[in-house]
Each structure stands twice: as C-alpha cells, then as structure tokens.
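In structure tokens:
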C-alpha cells in the first residue's frame with residue numbers, strides 16, 4: 048500500500064451528486080441533505096490525502112489477543128475503549144505505525160473520506176479489501192460518494208433516505224447517540240434548504256443551434272430513435288423507472304423512444320404537472336427521482352381480466368400470445384392424430400388386398416373376405 052496516500056484527488060463535480068443518487072433512485076436534495084450533515088466538507092486534507100481518522104479502539108478489537116495487540120498497546124496505538132486518548136491533529140503517522148504491525152487491520156481501523164466510512168465496512172461499499180477502497184478514495188471524491196451510496200443500500204436504509212426518515216438515517220450512521228448532536232433535525236433542515244435550490248442538470252447542455260448537427264439515425268420498427276442528445280442508457284433508465292412507478296404502458300426497457308414509451312411519458316408528464324409532450328428532458332428526469340408510485344384507480348385495480356386485456360396493450364399482447372400458443376398446440380395434436388389415422392388406413396388397405404380371395408376360389412357360403420384376425424393365424 049502506498050503510504051503517501053496521494054492520488055489524483057479529484058474533487059466532486061456538481062453533476063456527480065444527481066448522477067450517483069439517480070443510480071438508486073435518490074433525489075439530489077435527499078443526498079445533499081445527508082452529505083451536508085455527514086460529510087466532512089471535503090474528502091481530502093490539505094495535503095491531498097483522503098481525510099482519515101484512526102480509531103485505536105477498533106484496532107485493539109481487530110487485532111485480538113496476542114503479540115500484535117500487545118505491541119500495539121505498548122506503542123499507544125491500541126486501547127480497549129473509545130476516548131482513552133485524544134486524537135492527534137494528524138492521524139496519518141499513527142496509522143503508518145499501526146500498519147507496520149498489521150497493515151490490513153490498521154486500514155480497517157480508520158474512517159475514510161467524505162462521509163468517514165470505516166475501513167472495516169469495505170465489503171459493504173463494494174470493495175474486496177480495505178486497500179482497494181482506499182486506493183479508489185485517493186483518486187476521487189466521486190468514489191467516496193459511490194461507496195457511501197453502496198453502504199446505504201447494503202445497510203438497507205436507502206428507502207429511509209428516500210422517505211426522509213431522518214432519525215433512522217442518523218441512528219444508522221452515527222449510532223444511538225445521534226440525538227445528542229441533533230443529526231436528524233439537522234438533516235431535515237438541510238433537506239428543506241436544498242428543496243429551495245434549483246437542481247443540477249443531469250447532462251451537459253445541448254449544442255447551440257448554429258453548431259453542425261450530426262445526421263439523424265433511421266427510425267426503427269419500434270418507433271423513432273432517441274434524440275442524439277440522449278443516449279440509449281438514459282432512455283433505458285427512464286423506461287425502467289417509469290415501469291417501477293406503475294407506468295407499465297412504457298413497454299420494455301429497450302432504449303428506444305417508440306409509441307409505447309412516448310405514451311407513458313405523456314401520461315407521466317400529465318400526472319406530475321410537467322409541460323405536455325413526450326420528450327425526455329431535465330424536468331422529466333428530476334421528476335422521476337422524486338415521484339411516488341402511480342395511484343391505480345379503483346375501476347382499473349378491480350377490473351376483470353377481459354377488460355384488462357382489452358385496455359392494456361401489454362396484457363392484451365401477452366394474452367394473444369398465450370392463445371396463439373394454445374391453438375398451435377391443438378393444431379399440432381390434431382395433425383398428429385390424422386397422420387396416425389391416415390397411416391393406419393394405408394395399413395388396412397394393404398391387409399385388405401391380401402385378404403381378398405381370388406375369383407373362383409371362394410368356398411360356397413363362406414363369403415369372399417377374410418378378417419384380419421384370421422389372417423394373423425394364416426401362413427400365406
């Protein structure tokens with residue numbers, strides 16, 4: 048591990064907060080409120096290293112009984128309870144000395160970056176080792192925020208942040224003593240502040256009208272392709288979000304702005320007081336982050352299956368597909384049956400030709416046909 052702890056140290060960009068939040072359906076204001084209270088202002092210190100606080104009581108626990116713990120305790124690097132000694136102004140020298148005893152345990156015993164994530168939690172942030180997490184943190188604050196969002200999901204409190212259950216978030220992140228510092232009330236106040244501030248655009252501004260425009264792609268069978276300013280991944284994300292919110296008429300998440308997607312977008316815009324149209328723009332993307340699931344009218348929720356099939360394209364298509372499959376199976380079965388019948392008729396014709404007695408040889412009173420059963424016992 049590079050003990051200079053210096054990397055690119057790229058600062059967080061305005062676009063990073065809505066971009067990273069949108070990955071799990073968090074609004075920009077939600078994430079801003081959390082970060083204003085829990086983040087350390089900047090993820091890097093004056094030397095360009097990730098902000099870090101070494102916790103000797105965690106190091107003591109992780110080392111367990113033995114020579115390593117004894118050596119760490121003797122050097123003042125480990126002790127059994129929090130607060131037994133004050134934190135130094137710069138914790139890095141203490142960390143480096145601890146790494147000489149046990150590198151991994153030392154890195155796991157420090158809290159890192161913007162939101163001071165304990166290295167012990169590296170797996171919940173998506174990293175395989177504390178070394179991997181810290182190396183990523185040395186590169187950019189965006190990686191700090193990605194890890195924070197990963198931790199919210201791993202600890203299953205991302206829903207609480209979306210629902211603004213501030214006490215749950217504050218307790219999870221800070222422990223039961225969160226009330227002493229009023230972290231929950233601070234988050235609520237921060238959210239109210241950010242609600243009054245215009246959100247950040249989720250993509251760069253379009254080229255000015257005077258700029259050369261690329262050729263428009265051909266339309267697909269699904270409908271017109273997405274405008275060149277909107278990439279396929281964005282369209283797919285919009286389609287998935289709309290389906291999750293109950294706009295099932297959007298169809299499949301294929302990244303194409305076909306008729307079904309356009310219909311769903313128009314409906315969502317109408318439901319959320321957005322300007323009419325079927326365009327994907329900043330207003331739509333921001334509204335999708337904050338929207339609640341679509342309310343289903345009682346007449347639709349309680350509608351019988353035949354009405355649903357008639358009114359909902361997806362249901363009707365699915366139903367017709369199943370009916371088609373059923374008839375295909377029936378036709379195959381009937382065809383097989385008649386193939387068997389025709390084959391048997393051919394066999395009977397052959398038997399009949401064998402059983403006919405030549406003219407003039409029919410015994411009196413016996414008739415001129417012999418049954419297949421009688422032929423079975425005949426040698427000729």
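In the numbering used here, the protein residues as written are 48 to 427. Using N, Cα and C, we set each Cβ at its ideal position, and we do this for glycine too. The model shown is predicted, which means the values in this text are computed figures rather than measured ones.
{"Query": "Helix, strand or coil at residue 99 [DSSP, three-state]", "Result": "strand"}
{"Query": "Reference residue 91; option with closest CA among 300, 204, 181 and 331", "Result": "181"}
{"Query": "Backbone secondary structure at residue 129 - three-state DSSP", "Result": "coil"}
{"Query": "With 16 other Cβ atoms within 10 Å as the buried cut-off, status of residue 107", "Result": "buried"}
{"Query": "Start-to-end residues for the alpha helix (DSSP H) that takes in residue 36", "Result": "Because the chain is modelled from 48 through 427, residue 36 falls outside the range shown and cannot be assessed."}
{"Query": "Cβ neighbour criterion (16 or more within 10 Å) applied to residue 228", "Result": "exposed"}
{"Query": "Beta-carbon proximity check, residue 177 vs residue 166, cutoff 8 Å", "Result": "yes"}
{"Query": "Collapsed DSSP secondary structure at residue 157 in the structure displayed", "Result": "strand"}
{"Query": "Residue environment, residue 129, which counts as buried when at least 16 other CB atoms sit within 10 Å", "Result": "exposed"}
{"Query": "Coil, strand or helix - residue 187 by DSSP", "Result": "strand"}
{"Query": "Nearest candidate by alpha-carbon position, reference residue 104, set 281, 295 and 145", "Result": "145"}
{"Query": "Cβ-based neighbour list, residue 58, same chain, cut-off 7 Å, excluding 5 preceding and 5 following", "Result": "188"}
{"Query": "Proximity of residue 247 and residue 71 at Cβ, strictly below 8 Å", "Result": "no"}
{"Query": "Rounded C-alpha distance that separates residue 168 from residue 155", "Result": "8 Å"}
{"Query": "Per DSSP, the bridge partner or partners of residue 91", "Result": "97"}
{"Query": "Nearest neighbour of residue 340, chosen from 210, 116, 237 and 215 [CA to CA]", "Result": "210"}
{"Query": "Residue 164 - partner residues in DSSP beta bridges", "Result": "159"}
{"Query": "C-alpha distance - residue 273 paired with residue 69, whole-angstrom precision", "Result": "Unreliable positioning characterises residue 273 in this predicted model, as indicated by a pLDDT of 40, which lies under 50. The coordinate reading is nonetheless provided below. Computed Cα separation, rounded: 20 Å."}
{"Query": "Own chain partners of residue 163 with C-beta closer than 8 Å, once the 5 adjacent residues on each side are dropped", "Result": "85, 87, 98 and 100"}
{"Query": "Residue 57, DSSP secondary structure in three states", "Result": "strand"}
{"Query": "Closest residue to residue 112 among 200, 313, 78 and 127 (Cα-Cα distance)", "Result": "127"}
{"Query": "Burial state of residue 60, where buried means 16 or more other Cβ atoms lie within 10 Å", "Result": "exposed"}
{"Query": "Residue burial classification, residue 244 (beta-carbon count within 10 angstroms, cutoff 16)", "Result": "exposed"}
{"Query": "Supposed close pair residue 319, residue 334 - CB separation, criterion 8 Å", "Result": "5 Å"}
{"Query": "Inter-residue CB distance, residue 303 and residue 282 (contact presumed, cutoff 8 Å)", "Result": "7 Å"}
{"Query": "Residue nearest to residue 120 in terms of C-alpha spacing, selected from 137, 102 and 185", "Result": "102"}
{"Query": "Top-ranked residue by Cα proximity to residue 56, from 117, 183, 139 and 317", "Result": "183"}
{"Query": "Burial state of residue 197, where buried means 16 or more other Cβ atoms lie within 10 Å", "Result": "buried"}
{"Query": "Cβ of residue 126 within 8 Å of any chain B Cβ", "Result": "Protein chains in the displayed structure number just one, and chain B is not present."}
{"Query": "Burial state of residue 338, where buried means 16 or more other Cβ atoms lie within 10 Å", "Result": "buried"}
{"Query": "Span of the alpha helix (DSSP H), counted from its first residue to its last, around residue 312", "Result": "306-318"}
{"Query": "Alpha carbon of residue 190 to alpha carbon of residue 213, nearest angstrom", "Result": "24 Å"}
{"Query": "8 Å Cβ shell around residue 331 - same chain, five flanking residues per side excluded", "Result": "285, 312, 315, 316 and 321"}
{"Query": "Own chain, CB closer than 7 Å to residue 235, minus 5 neighbours either side, in chain order", "Result": "213"}
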